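Numbering (the working numbering), first residue to last: 7 to 81.
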C-alpha cells in the first residue's frame, strides 16, 4: 500500500453554500484514473484533478502529489 496526501474539494452539507477543502490520504494502488479539470472555487478558477477510485468513489482535488501532477502535464 502506497499512501499520498491529496487536498480535495468536498461539500460536507448539501445546504452549505461554499465548498470545503480537506486533506485526505489516498492509496495510489486504488486510483483508476486522474483527469485534469478546472474547478470553480469562490470567484476564481483553479487547476484541479478528477480522481476516480477502484471502489467507484470520485474526488475533485486541488492538490495532488508532484508525480501525478507531472504525469498529467506530459504529452
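Glycine included, each C-beta is placed from N, C-alpha and C at the ideal position.
All of these numbers come straight from a predicted model, not from anything done at the bench.
{"Query": "To which residues of the same chain is residue 8 closer than 8 Å at the C-beta, ignoring the five residues directly before and after it?", "Result": "33, 34 and 35"}
{"Query": "Near residue 77, which residues of its chain fall below 8 Å by C-beta distance, leaving aside the five closest residues on each side in sequence?", "Result": "40"}
{"Query": "Could you spell out the range, first to last residue, of the alpha helix (DSSP H) harbouring residue 77?", "Result": "72-79"}
{"Query": "Give me, in chain order, the residues of the same chain whose beta-carbon lies closer than 6 Å to that of residue 44; leave out the 5 immediate sequence neighbours on both sides.", "Result": "51"}
{"Query": "Out of curiosity, what's the CA-to-CA distance linking residue 75 and residue 62?", "Result": "22 Å"}
{"Query": "Is the distance from the Cβ of residue 13 to the Cβ of residue 57 below 8 Å?", "Result": "no"}
{"Query": "Mark residue 70 as exposed unless 16 or more other C-beta atoms lie within 10 angstroms of its C-beta, in which case mark it buried.", "Result": "buried"}
{"Query": "At the level of alpha carbons, what is the spacing between residue 47 and residue 60?", "Result": "27 Å"}
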